[in-house]
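Asker:
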Amino acid sequence: MDASTKMTTFVVWDYVVFALMLLVSAAVGVYFALAGKGQRNSQDFLMGGRGLTALPVAFSLTASFMSAITVLATPAEVYQYGAIYGFFGIAYMLVVAVCSEVFLPVFYRLGITSSYEYLELRFNRAARLCGTMMFILQTVSYTGMVIYAPALALNQVTGFDLWGAVIATGIVCTFYCTLGGLKAVVWTDVFQVGIMVAGFLSVIIRATWQQGGFLAIIDDSRHGGRLNFWNFDPSPLRRHTFWTITFGGAFVWISIYGVNQAQVQRYISCKSLIHAKMALLLNLLGLWVVLLCSVFSGLCLYSIYKNCDPWNAGLVSAPDQLMPYMVLDILRDFPGVPGLFVAAAYSGTLSTVSSSINALAAVTVEDLVKPHFSMSERTLSWMSKGLSVVFGVICIGMAGIASVMGGILQAAISIMGISGGPVLGLFSLGILCPFANSVGALVGFLSGIALSLWVGIGAHLYTPSVNYKQPLHLSTDGCNLTMTDGRLNWTLSREESPIVSTVLQEDPEYRTNVNEWYSLSYLYFSVVGTITVMAVGIIVSLLTGSKKLTPEMTLKKEDLTCYYLYSTLKQKISQAMKRTSNLDLNKRGEKDFGRNNPAFCSSELDLSQVRVRRGSFSP
254 MDASTKMTTF VVWDYVVFAL MLLVSAAVGV YFALAGKGQR NSQDFLMGGR
304 GLTALPVAFS LTASFMSAIT VLATPAEVYQ YGAIYGFFGI AYMLVVAVCS
354 EVFLPVFYRL GITSSYEYLE LRFNRAARLC GTMMFILQTV SYTGMVIYAP
404 ALALNQVTGF DLWGAVIATG IVCTFYCTLG GLKAVVWTDV FQVGIMVAGF
454 LSVIIRATWQ QGGFLAIIDD SRHGGRLNFW NFDPSPLRRH TFWTITFGGA
504 FVWISIYGVN QAQVQRYISC KSLIHAKMAL LLNLLGLWVV LLCSVFSGLC
554 LYSIYKNCDP WNAGLVSAPD QLMPYMVLDI LRDFPGVPGL FVAAAYSGTL
604 STVSSSINAL AAVTVEDLVK PHFSMSERTL SWMSKGLSVV FGVICIGMAG
654 IASVMGGILQ AAISIMGISG GPVLGLFSLG ILCPFANSVG ALVGFLSGIA
704 LSLWVGIGAH LYTPSVNYKQ PLHLSTDGCN LTMTDGRLNW TLSREESPIV
754 STVLQEDPEY RTNVNEWYSL SYLYFSVVGT ITVMAVGIIV SLLTGSKKLT
804 PEMTLKKEDL TCYYLYSTLK QKISQAMKRT SNLDLNKRGE KDFGRNNPAF
854 CSSELDLSQV RVRRGSFSP
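Just so you know, we're using the numbering used here here: the sequence shown kicks off at 254 and counts up by one.
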């Protein structure tokens, strides 16, 4: 690769494709604002009238957290660390199973709007406020990061002003979310999932053609160590292994799909419990498709740049810019296709940001406004729209903080793990432990938050060593470049922050000891928070006395699909046996009675075959 090669920029057709995506998204909001006749009450605006069906909700569930981070950062993750990331496919199966069996039945039965309403019903007002405030902080932080990611991509590939792109994203999201409410968000997500998959496929098809076929990419990945699936190291300090991704990742995503308002709000807006469960199951297929596309895009990225890493060569300034760089490199002769890819990144962002804004408005109205102020439904509807605008502005501001957080993918999952783990533990304590009380819940929650923050912040300040991160080799041997000091060894020069370097220089022994504690895989942050909340909550509840509950507040055996199938099968078998027994009695009667007794034959008991002779019976 020649370093003098200039980056191709957008042409007119790229801008047309990108603009069409934004226009369609905005038009959906306008349509539902007009079709819904102004969203007359807050339930229409926030819950879509609780009349949505499984298919659009499934697409929306997939799109909500499959953002530009998935489009940009996951391929870069596979490029640097290998396709072991694909084990998230197993984690998704566990997530859907747990959420549909444990959390969904309870929330749907209670008919709540905010998932945090459950915490007040189960424990007290303080627990509800804790969950609500944690959700607001988590969502605003994550959404700022999601807005920043595609703006970075657009800046890289077109030279468009970075902060102009950030503001444009926030304005479009806020516009159609405020006008159309949840229905607009859901149906826009359907369109945007299609754009995301189309953007991935355009890159995959072109890369596969250029590299000589699917098998050539797989072969390059195998020789480069990217097909590193066989890693079953049980150490929790390893960044990615089968166990950290499958089980640690499952906890992270259960905290999202199980109790996060942005997801719960969708499946409880379905017209029936069956539709809600079907939405979760169909969503699993969508998650697998997006995961497969993003992982294979990372393998394509490695196959193309296996001999000249653009990051070490100084052609991009961050790993998250590798995908847009490749898009303009291999698709520059196809006008409009680079625009499709950037539209894919933006589609992921629009879906996530709109979902977050709608969910933030919902929890604010339900958890912070309704309990304290008496307002008409009309007033609450207008307040929901106003809050959508306010949170849109706040999320745009948070994008500025996201710009200094480093690697986008790990930072995003870390935020979800640190804040989502304790909240998941709080809900799990209430649903799975009937004896848990409010004292145990609050003490457990505070303990979980404290430990999660300790581990998470410590891991950020004292980054784990390269041995725990296990980055794979990247080469610049094929680059036609004059290299400068420190550019070739990205695992050392780019991964360590100045703070960490200072600690190493000042006290290497202390740094080594601390590193063992803070080297816990970022995927286990959620596990730490969840287990801590439940363990402390159970102990404190047992010491302070249990609380009497109504059965609706906890998981019942009738909620489980396996129990439903078992009871249905048992009932069918019982009915079948009863019918068979009735048929046997009707058929046998007097004629067949005693037929199998060797002392008699059937004719002996059949009076129709017997005649009377001189006062006695004879055959």
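Ideal Cβ placement from N, Cα and C applies to all residues, glycine included.
Just so it is clear, the structure is predicted and the values come from calculations on it, not from any experiment.
Locate the alpha helix (DSSP H) running through T783, then write down its first and last residues.
Answerer: As a first step, residue 783 must be located in the sequence shown, where it is residue number 530. Segment 778-797, the alpha helix (DSSP H) holding T783.
Asker: Quick one: grab the DSSP three-state call for L305.
Answerer: Taking the first residue of the sequence shown as 1, we reach residue 305 at position 52. Strand.
Asker: Does the segment 558-575 come close enough to the segment 339-347 that 3 or more CB-CB pairs lie under 8 angstroms?
Answerer: With a cut-off of 8 angstroms, the segment 558-575 and the segment 339-347 do not count as touching, because too few Cβ pairs lie within range.
Asker: Drop a sphere of 10 angstroms on the beta-carbon of A380, count the other beta-carbons inside from all chains shown, and report buried for 16 or more, exposed for fewer.
Answerer: In the sequence shown, counting from the first residue as 1, residue 380 sits at position 127. It is buried - the Cβ of A380 has at least 16 other Cβ atoms within 10 Å.
Asker: Please list the segments of the alpha helix (DSSP H) lying wholly inside the segment 502-566, counting only runs of 4 or more residues, in order along the chain.
Answerer: Listed in chain order, they are 502-510, 514-520, 526-557.
Asker: Could you tell me the distance, in whole angstroms, from the CA atom of V348 to the CA atom of V512?
Answerer: For the purposes of this step, residue 348 is taken as the residue at position 95 of the sequence shown. For the purposes of this step, residue 512 is taken as the residue at position 259 of the sequence shown. Spanning the two alpha carbons is a distance of roughly 12 angstroms.
Asker: Going by alpha carbons, who is nearest to H726 out of K559, I791, V283?
Answerer: On the sequence shown, residue 726 is found 473 positions in, with the first residue counted as 1. Of K559, I791, V283, the residue nearest in Cα terms is K559.
Asker: What are the complete beta strand (DSSP E) segments, minimum 3 residues, inside the segment 625-656?
Answerer: Runs found: none.
Asker: Is the beta carbon of L699 less than 8 angstroms from the beta carbon of C523?
Answerer: Locating residue 699 in the sequence shown gives position 446, counting from the first residue. Locating residue 523 in the sequence shown gives position 270, counting from the first residue. No. Outside cutoff.
Asker: Are the beta-carbon atoms belonging to S320 and T785 less than 8 angstroms from one another?
Answerer: Numbered from its first residue, the sequence shown carries residue 320 at position 67. Numbered from its first residue, the sequence shown carries residue 785 at position 532. No; because the gap between Cβ atoms is not below 8 angstroms, this pair is not in contact.
Asker: Suppose the cutoff is 8 angstroms on Cβ atoms and the five residues either side in sequence are ignored; what does the same chain contact list for L802 look like?
Answerer: If you number the sequence shown from 1, residue 802 lands on position 549. Contacts found: R375, P687.
Asker: Under a three-way DSSP split, which group does F453 fall into?
Answerer: Against the sequence shown, residue 453 aligns to sequence position 200. Helix.
Asker: With 16 other CB atoms within 10 Å as the buried threshold, where does W440 fall?
Answerer: Along the sequence shown, read from residue 1 onward, the residue named residue 440 stands at position 187. Per the 10 Å Cβ criterion, buried.
Asker: How many angstroms separate the CA atom of I583 from the CA atom of P724?
Answerer: Residue mapping note: residue 583 aligns to position 330 of the sequence shown, counting from 1. Residue mapping note: residue 724 aligns to position 471 of the sequence shown, counting from 1. Near 26 angstroms, if we compare the C-alpha coordinates of P724 and I583.
Asker: Here's a check: name, in chain order, each residue in its chain whose Cβ is nearer than 7 angstroms to the Cβ of R459, leaving out the five neighbours to either side.
Answerer: What you label residue 459 is simply residue 206 of the sequence shown in a count that begins at 1. Contacts found: I583, L584.
Asker: So, for A402: in the same chain, excluding its five sequence neighbours on each side, which residues have a beta-carbon less than 6 angstroms away from its beta-carbon?
Answerer: If you number the sequence shown from 1, residue 402 lands on position 149. Answer for A402: A321, I322, L325, I661, listed in chain order.
Asker: For K530, does the count of other Cβ atoms within 10 angstroms reach 16, so buried, or fall short, so exposed?
Answerer: Taking the first residue of the sequence shown as 1, we reach residue 530 at position 277. With 16 or more other Cβ atoms within 10 Å, it is buried.
Asker: Rounded to whole angstroms, what is the Cα-Cα separation between A311 and L533?
Answerer: Looking up residue 311 in the sequence shown gives position 58. Looking up residue 533 in the sequence shown gives position 280. If I take the Cα positions, the gap works out to 6 angstroms.
Asker: Identify, in the order they occur along the chain, each residue of the same chain with its Cβ nearer than 7 angstroms to the Cβ of F778, setting aside the five sequence neighbours on each side.
Answerer: On the sequence shown, residue 778 is found 525 positions in, with the first residue counted as 1. S667, G670, I671, G674, S705, V708, G709, listed in sequence order.
Asker: Pull up the CB-CB distance for V331 and R479, whole angstroms please, since I reckon it's below 8 angstroms.
Answerer: Locating residue 331 in the sequence shown gives position 78, counting from the first residue. Locating residue 479 in the sequence shown gives position 226, counting from the first residue. Right, their Cβ atoms sit about 7 angstroms apart.
Asker: Looking only at its own chain, which residues have a Cβ that is under 8 angstroms from the Cβ of I457, when we skip the five neighbours before and after it?
Answerer: Walking along the sequence shown from the start, residue 457 turns up at place 204. These residues qualify, in order along the chain: C546, F549, S550, C553.
Asker: Taking the alpha-carbon positions, what's the H528 to A307 distance?
Answerer: On the sequence shown, residue 528 is found 275 positions in, with the first residue counted as 1. On the sequence shown, residue 307 is found 54 positions in, with the first residue counted as 1. Answer to the nearest angstrom: the Cα atoms are 5 angstroms apart.
Asker: Would you mind sorting P804 into buried or exposed? The rule is 16 or more other CB atoms within 10 Å of its CB.
Answerer: Mapped onto the sequence shown, residue 804 falls at position 551. So P804 ends up on the exposed side.
Asker: Since L677 contacts S508 with CB under 8 angstroms, what's their CB separation in whole angstroms?
Answerer: The residue you call residue 677 lines up with position 424 of the sequence shown. The residue you call residue 508 lines up with position 255 of the sequence shown. Contact holds; Cβ gap of about 4 angstroms.
Asker: Here's a check: name, in chain order, each residue in its chain whose Cβ is nearer than 6 angstroms to the Cβ of W266, leaving out the five neighbours to either side.
Answerer: One-based indexing of the sequence shown puts residue 266 at position 13. Closer than 6 angstroms at the Cβ level, and outside the excluded window around W266, lie P588, G589.
Asker: For Q574, report the span of its alpha helix (DSSP H) as first-last.
Answerer: Counting from 1 along the sequence shown, the entry for residue 574 is found at position 321. No alpha helix (DSSP H) holds Q574; DSSP gives it neither H nor E.
Asker: Throw me the rounded Cβ distance for the Y338 and I498 pair, which I believe falls under 8 angstroms.
Answerer: Within the sequence shown, the letter at position 85 stands for residue 338. Within the sequence shown, the letter at position 245 stands for residue 498. 7 angstroms between Cβ atoms; contact.
Asker: Within 10 angstroms of the Cβ of L372, are there 16 or more other Cβ atoms? Answer buried if so, exposed if not.
Answerer: Within the sequence shown, the letter at position 119 stands for residue 372. Looking at its Cβ environment, which holds 16 or more other Cβ atoms inside 10 Å, L372 is buried.
Asker: With a threshold of 8 angstroms between beta carbons, is T392 in contact with chain C?
Answerer: Protein chain content of the structure displayed is limited to a single chain, and chain C is not contained in it.
Asker: Please name the residue, chosen from V351, P489, F388, Q463, that lies closest to S774 on a Cα-to-Cα basis.
Answerer: Residue 774 sits at position 521 when you count from the first residue of the sequence shown. Ranking V351, P489, F388, Q463 by Cα distance to S774 puts P489 first.
Asker: Please report the straight-line C-alpha distance between G697 and Y334, rounded to a whole angstrom.
Answerer: Here residue 697 refers to the residue found at position 444 when the sequence shown is read from its first residue. Here residue 334 refers to the residue found at position 81 when the sequence shown is read from its first residue. One C-alpha to the other measures close to 36 angstroms.
Asker: Please report the residue range of the alpha helix (DSSP H) in which T497 lies.
Answerer: Position 244 of the sequence shown, counted from the first residue, corresponds to residue 497. It is not in any alpha helix (DSSP H) - T497 carries neither H nor E in the DSSP assignment.
Asker: If I follow the unbroken alpha helix (DSSP H) through D620, where does it start and stop?
Answerer: The sequence position of residue 620 within the sequence shown is 367, counting from 1. From DSSP, D620 is part of no alpha helix (DSSP H); its letter is neither H nor E.
Asker: Report buried or exposed for W202, applying the criterion of at least 16 other Cβ atoms within 10 angstroms of its Cβ.
Answerer: Only positions 254 to 872 of the chain appear in this structure, which leaves residue 202 out of reach.
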